[in-house]
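Asks:
Number of protein chains: 2
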Amino acid sequence: MALGTDYAQQDCTLARALEVVGERWSLLIVRDAFYGVRRFNDFLVHLDIPRAVLTARLAALTEAGVLRKEAYQQSPPRYDYVLTDAGLALWPPLHALMRWGGRYASQDEPTRTFHHTDCGARLDMTGGCPACGIAQVAPADVEMRWLPDADRPGRADQVAAALATTSPLLRPVRAAAGSGAFAGGDDPGNS
Amino acid sequence: MALGTDYAQQDCTLARALEVVGERWSLLIVRDAFYGVRRFNDFLVHLDIPRAVLTARLAALTEAGVLRKEAYQQSPPRYDYVLTDAGLALWPPLHALMRWGGRYASQDEPTRTFHHTDCGARLDMTGGCPACGIAQVAPADVEMRWLPDADRPGRADQVAAALATTSPLLRPVRAAAGSGAFAGGDDPGNS
DNA sequence: CCACTGAGTTCGTTGACCAGACTCACTTTG
DNA sequence: CAAAGTGAGTCTGGTCAACGAACTCAGTGG
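From first to last, the protein sequence lines are chains H and D.
Using the UniProt record's numbering, the letters of the first sequence correspond one by one to residues 1 to 191.
Using the UniProt record's numbering, the letters of the second sequence correspond one by one to residues 1 to 191.
Here is the structure:
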């Protein structure tokens, strides 16, 4: 690690994992990637993170094999950051941590819940589907549901707006290529 | 948070969770607590962490309700730090992260594995027992197994030595009270 | 009386984080 | 064709947390 953020010789795989995703912002970046955020500027406005830090984290996560750069245009070369297999494998710990945070570190109800797309049942703590008896639902089969909350002021940025909806995990928040416009989620009401 | 380590108004329970256990060292402290480490000095030597940082982290985790102070002697008042219910509930994300680290962030075989005490089967990725069909094995029913590795130099400190053994999770590394001597694990061979 | 233990606190240095300004290669608009 | 805009950065200076080492302090054991 170029950063001073390694954990010496802890004889534990946890230390290895934390060297990769344990730094400040890293897991939030991975979470946003699951939500369908892919571009530098979208991570930037949605996470409200210093540019230099985002640059460093994306580079570190790419280097570690959690993200992969994928060109979405050539002329000025521009890249999407998308999850690799190793990144997708972070779904179980990520989901478990979110559940824990919702249960023990938050007084409000969660604004997002995760459901099995096929049957609509909410995932249990372990990331399985209680209705279908699947032990571990793959992220591609998970639907993210968003519950509006009158108290919360509502984020201003476009990424947050595009995510304030029900949609499958991993679906890009922006239309594939060409326009690059934000997907309106399942809500067709925005002109 | 007194520390500058909060994540503004991310509308996500993950941010809440990371404010509690996302700081450097925090999850490793929690892991050691699952391993049966309970005292300030034992965390200190096993994690090789600056004293001031450990003081701050233990205070923060206690404040957040993950750990609880429990007096183990009166005369100079001394406390064990033990996991609360909220702390115990961190087992699923913690185990999932360790599995991820072992699979994707480590080249060696893991030196510790976790098994269902009743049947001896290794826990699956989600923390369930594949043999018994239990979706989530409680930490108290988990046995930690240690596999020696000739290459690894072997840690010098007594806590690491006491943990280089097979034992149930949460069993204190030191004998209950009075002597305060290290438990030899299941290995009765150390005089 | 002295050394030791356990659990910290204090201090100076190093390094990471932060916010904002600047860069640079293009593209789009007037 | 010039001016403005876009996307993805780099640079910079200040602040704050982490680090390692030394020091404190209450009580105990020899």
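Backbone N, C-alpha and C define an ideal beta-carbon position, used for all residues, glycine too.
Evaluate the contact criterion for the region 132-147 of chain H versus the region 124-143 of chain D: three or more CB pairs, one atom per stretch, below 8 angstroms.
Replies: Yes, they touch.
Asks: To be precise: take each residue of the region 90-111 of chain H, compare its Cβ to all Cβ atoms of chain D, and keep it if any distance is under 8 angstroms. Which residues remain?
Replies: Hits within the stretch, in order: 90, 92, 93, 94, 96, 97, 98, 99, 100, 101, 102, 103, 104, 105, 106, 110, 111.
Asks: Would you report the Cα separation of residue 108(H) and residue 121(D), rounded to the nearest angstrom?
Replies: Here the question's residue 108(H) lines up with position 108 in the first sequence. Here the question's residue 121(D) lines up with position 121 in the second sequence. Rounded to whole angstroms, residue 108(H) to residue 121(D) spans 38 angstroms at the Cα level.
Asks: Return the chain-ordered list of same chain residues with a C-beta closer than 7 angstroms to the C-beta of residue 28(H), the five sequence neighbours on each side being excluded.
Replies: Along the first sequence, read from residue 1 onward, the residue named residue 28(H) stands at position 28. For residue 28(H), where only same-chain residues beyond five positions count, the Cβ hits under 7 angstroms are 47.
Asks: Any idea what DSSP makes of residue 185(D), helix, strand or coil?
Replies: Along the second sequence, read from residue 1 onward, the residue named residue 185(D) stands at position 185. With a pLDDT of 47 at residue 185(D), under the threshold of 50, the modelled position of that residue is not reliable, and no figure is offered here.
Asks: Per DSSP, what kind of secondary structure is residue 147(H) in: helix, strand or coil?
Replies: Residue numbering aside, residue 147(H) sits at position 147 when the first sequence is read from its first letter. Reduced to three states, the DSSP call for residue 147(H) is coil.
Asks: Using a Cβ cut-off of 8 angstroms (strictly closer), state whether residue 190(H) contacts chain D.
Replies: Indexing the first sequence from 1 puts residue 190(H) at position 190. Residue placement at residue 190(H) is poorly supported in this model, since its pLDDT is 37, which falls under 50; the coordinates still yield a value, given next. No - not a single Cβ of chain D is within 8 angstroms of the one on residue 190(H).
Asks: Taking 8 angstroms as the threshold (C-beta atoms), are residue 32(D) and residue 43(D) in contact?
Replies: Looking up residue 43(D) in the second sequence gives position 43. Looking up residue 32(D) in the second sequence gives position 32. For residue 43(D) and residue 32(D), yes; Cβs fall inside 8 angstroms.
Asks: Taking only beta carbons into account, state which residues of the region 125-149 of chain H come closer than 7 angstroms to chain D, listed in chain order.
Replies: Those would be 125, 126, 127, 128, 135, 136, in chain order.
Asks: What does residue 16(H) reach in chain D if we use C-beta pairs closer than 7 angstroms?
Replies: Stepping through the first sequence from its first residue, residue 16(H) is reached at position 16. Those within 7 angstroms of residue 16(H) in chain D are 101, 105, 106.
Asks: Does any heavy atom of the ligand MN sit closer than 7 angstroms to the C-beta of residue 31(D)?
Replies: As far as ligands go, the structure on display features none, and thus does not contain the ligand MN.
Asks: Could you check if residue 212(D) is buried or exposed, using at least 16 other CB atoms within 10 Å of its CB as the buried criterion?
Replies: Beyond the ends of chain D as shown, which are 1 and 191, falls residue 212(D); an answer cannot be given.
Asks: Whole beta strand (DSSP E) runs in the UniProt domain "HTH hxlR-type" (12-109) of chain D with 3 or more residues, listed along the chain?
Replies: List check, beta strand (DSSP E) in window: 67-73, 78-83.
Asks: In the DSSP assignment, the alpha helix (DSSP H) including residue 158(H) goes from what residue to what residue?
Replies: Numbered from its first residue, the first sequence carries residue 158(H) at position 158. Where residue 158(H) is concerned, the enclosing alpha helix (DSSP H) stretches over 158-163.
Asks: State the beta-bridge partners of residue 129(D) as determined by DSSP.
Replies: In the second sequence, the residue the question calls residue 129(D) occupies position 129. In the DSSP output, where bridge partners are listed per residue, residue 129(D) has 134(D).
Asks: DSSP puts residue 142(D) in a beta bridge; with which residues?
Replies: The residue given as residue 142(D) occupies position 142 in the second sequence. Residue 142(D) pairs with 116(D).
Asks: Is there at least one Cβ from chain D nearer than 8 angstroms to residue 27(H)'s Cβ?
Replies: Here the question's residue 27(H) lines up with position 27 in the first sequence. Yes, because at least one Cβ of chain D sits closer than 8 angstroms to the Cβ of residue 27(H).
Asks: Quick one: what does DSSP say residue 167(D) is sitting in, helix, strand or coil?
Replies: Start at 1 with the first residue of the second sequence, and residue 167(D) comes out as number 167. Strand, per DSSP.
Asks: Smallest Cα separation from residue 169(H): which of 156(H), 100(H), 140(H)?
Replies: For this step, residue 169(H) is matched to residue 169 along the first sequence. Nearest option by C-alpha distance: 140(H).
Asks: Taking only beta-carbon atoms, is residue 156(H) less than 8 angstroms away from chain D?
Replies: For the purposes of this step, residue 156(H) is taken as the residue at position 156 of the first sequence. So no, residue 156(H) is outside the interface.
Asks: Which word fits residue 23(H), buried or exposed, when buried means at least 16 other C-beta atoms lie within 10 angstroms of its C-beta?
Replies: To locate residue 23(H), count along the first sequence from 1; it is residue 23. Residue 23(H) is buried by the Cβ-count criterion.
Asks: For chain D, find out if any of its Cβ atoms is closer than 8 angstroms to the Cβ of residue 121(H); answer yes or no.
Replies: Mapped onto the first sequence, residue 121(H) falls at position 121. Cβ-Cβ to chain D under 8 angstroms: no for residue 121(H).
Asks: Given a threshold of 16 other Cβ atoms within 10 Å of its Cβ, counted over all protein chains shown, does residue 63(H) qualify as buried or as exposed?
Replies: Along the first sequence, one-based indexing puts residue 63(H) at 63. Residue 63(H) should be labelled exposed.
Asks: Please report the distance separating the alpha-carbon of residue 106(H) from that of residue 105(D).
Replies: Here the question's residue 106(H) lines up with position 106 in the first sequence. Here the question's residue 105(D) lines up with position 105 in the second sequence. Each residue's Cα considered, the two are about 30 angstroms apart.
Asks: Kindly indicate if chain H contains any beta-carbon less than 8 angstroms away from that of residue 159(D).
Replies: Mapped onto the second sequence, residue 159(D) falls at position 159. Output row for residue 159(D): interface = no.
Asks: Going by C-alpha distance, which of 57(H), 15(H), 82(H) is nearest residue 172(H)?
Replies: Translated into the one-based positions of the first sequence, residue 172(H) becomes position 172. The shortest C-alpha separation from residue 172(H) is found at 82(H).
Asks: Going by Cα to Cα distance, which pick from 95(D), 51(D), 74(D) is closest to residue 143(D)?
Replies: Numbered from its first residue, the second sequence carries residue 143(D) at position 143. Measuring from the Cα of residue 143(D), the nearest candidate turns out to be 95(D).
Asks: In angstroms, rounded to a whole number, what distance separates the CA positions of residue 15(H) and residue 147(D)?
Replies: Residue 15(H) sits at position 15 when you count from the first residue of the first sequence. Residue 147(D) sits at position 147 when you count from the first residue of the second sequence. Their backbone Cα atoms lie some 17 angstroms apart in a straight line.
Asks: Can you find a C-beta in chain D that's less than 8 angstroms from the C-beta of residue 59(H)?
Replies: Here residue 59(H) refers to the residue found at position 59 when the first sequence is read from its first residue. Taking Cβ atoms only, chain D never reaches closer than 8 angstroms to residue 59(H), which makes this a no.
Asks: Kindly say whether residue 53(H), judged by its beta-carbon, lies nearer than 8 angstroms to any beta-carbon of chain D.
Replies: The residue you call residue 53(H) lines up with position 53 of the first sequence. So, not an interface residue.
Asks: Can you tell me whether residue 3(D) is helix, strand or coil according to DSSP?
Replies: Position 3 of the second sequence, counted from the first residue, corresponds to residue 3(D). Below a pLDDT of 50, predicted positions are generally treated as unreliable, and residue 3(D), at 32, falls in that range; the measurement from the model is reported next regardless. Coil at residue 3(D), not helix or strand.
Asks: Check whether the Cβ atoms of residue 36(D) and residue 66(D) lie closer than 8 angstroms to each other.
Replies: Position 36 of the second sequence, counted from the first residue, corresponds to residue 36(D). Position 66 of the second sequence, counted from the first residue, corresponds to residue 66(D). No, Cβ-Cβ distance for residue 36(D) and residue 66(D) is not below 8 angstroms.
Asks: Counting only beta-carbon separations shorter than 8 angstroms, does residue 174(H) have a partner in chain D?
Replies: Taking the first residue of the first sequence as 1, we reach residue 174(H) at position 174. It does not: the Cβ of residue 174(H) has no partner Cβ on chain D nearer than 8 angstroms.
Asks: Is the CB-CB distance between residue 57(H) and residue 25(H) below 8 angstroms?
Replies: Taking the first residue of the first sequence as 1, we reach residue 57(H) at position 57. Taking the first residue of the first sequence as 1, we reach residue 25(H) at position 25. Contact: yes.
Asks: Which residue from 12(D), 38(D), 163(D) puts its Cα closest to that of residue 111(D)?
Replies: Stepping through the second sequence from its first residue, residue 111(D) is reached at position 111. With distances taken between Cα atoms, residue 111(D) lies closest to 163(D).
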